[in-house]
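Using this note's numbering, you'd call the opening residue of the sequence shown number 24 and step up by one each time. Idealized CB from N, CA, C, for every residue including glycine.
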Amino acid sequence: MDHPSFLRAVFRRWWALISSAVLACVGFYALVANKSAPWTIGATELTAVLLFYIAVWGAWEDERRARLGAETRAEHGKPHFALEALDGEIHRFNPGPHFFFIRNCGQRTARNIRFDAIVSRSAIYAIRLDEIPSLATEDGRIGLTFRFGVDDDHVYQGSVMQLDNFFLDNPSKEAKMLFSVLIRFLDGTTERTERHTLVCEPQPKSGFTMKIAPTVST
Numbered sequence: 024m025d026h027p028s029f030l031r032a033v034f035r036r037w038w039a040l041i042s043s044a045v046l047a048c049v050g051f052y053a054l055v056a057n058k059s060a061p062w063t064i065g066a067t068e069l070t071a072v073l074l075f076y077i078a079v080w081g082a083w084e085d086e087r088r089a090r091l092g093a094e095t096r097a098e099h100g101k102p103h104f105a106l107e108a109l110d111g112e113i114h115r116f117n118p119g120p121h122f123f124f125i126r127n128c129g130q131r132t133a134r135n136i137r138f139d140a141i142v143s144r145s146a147i148y149a150i151r152l153d154e155i156p157s158l159a160t161e162d163g164r165i166g167l168t169f170r171f172g173v174d175d176d177h178v179y180q181g182s183v184m185q186l187d188n189f190f191l192d193n194p195s196k197e198a199k200m201l202f203s204v205l206i207r208f209l210d211g212t213t214e215r216t217e218r219h220t221l222v223c224e225p226q227p228k229s230g231f232t233m234k235i236a237p238t239v240s241t
């Protein structure tokens, strides 16, 4: 809250209230009812104090509505993503070149889009989706490239064989494997995050299927 502007708003409202007919009505009542001077002064002062509190409440309500309006405008149209995986069964002979795709479904352009590493069950592999400088709605659906490796010093260009190795790291033999995908990006100057879930289902003989579901954004 900007305190000087808030105080100015309070005094503007208070002046409007005490300049209205309220205090005149108090004086008129005191005259008609033949009230004493001390009573009239006390009633006038009490009325002025009550009007001051009404002015404070009104200024606070204006500030609250303005803040809520600004927050609503900020939320409306913010970037949010459809993160997708290649449809169908994927095997080691799939040529690619893209196995992941992204689309900005919001109205504003997202910048500096980064992805946290997706780590395999035994933490021996990691999928590192490559950063995107910016993504606007009109860019449509674009393919994502990725690198592969847990250790920052040993990261390689991603391929379908490395994806297969990633999902083969399944010591508990899960029928459906879920991995968190965290997207970090700038909406103007505001840092935001959006979390999705990568779902992998290993196939009985070989290969796997993937799909990605959104979960939450901030």
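Can you give the Cα-Cα distance for residue i and residue j, rounded to whole angstroms?
i	j	result
R115	G92	52 Å
T67	A32	22 Å
N127	V183	25 Å
G211	R137	15 Å
A103	R87	The amino acid occupying residue 103 in the given sequence is His; Ala does not appear at that position. The alpha-carbon atoms of H103 and R87 are separated by roughly 27 Å.
G65	N57	15 Å
R164	R218	18 Å
W62	L40	21 Å
L201	S229	19 Å
S43	G50	13 Å
Counting along the chain, where does the alpha helix (DSSP H) carrying residue i start and finish?
i	result
N188	183–191
Starting from residue i, follow its DSSP beta bridges and name the residues at the other end.
i	result
K196	Beta-bridge pairing links K196 to no other residue.
V49	DSSP, once it has assigned bridges, lists no residue as partnering V49.
A133	L158
T70	Paired residue(s): none; T70 is not in a bridge.
V142	A149
Which residue wins for smallest C-alpha separation from residue i, given the options the options?
i	options	result
F189	L69, P227, C223	C223
T238	G172, F208, L106, E112	L106
A236	L205, R215, T213, L209	L205
Assuming residue i and residue j are in contact, meaning their beta carbons sit under 8 Å apart, how far apart are those beta carbons, in whole angstroms?
i	j	result
Y148	D85	Rounded, the Cβ-Cβ distance is 55 Å, inconsistent with contact.
Which first and last residues belong to the beta strand (DSSP E) in which residue i is found?
i	result
V222	213–225
A149	149–152
S107	According to the sequence displayed, residue 107 carries Glu and not Ser. Residues 104–108.
F116	That residue, F116, is in no beta strand (DSSP E); it is neither H nor E in DSSP.
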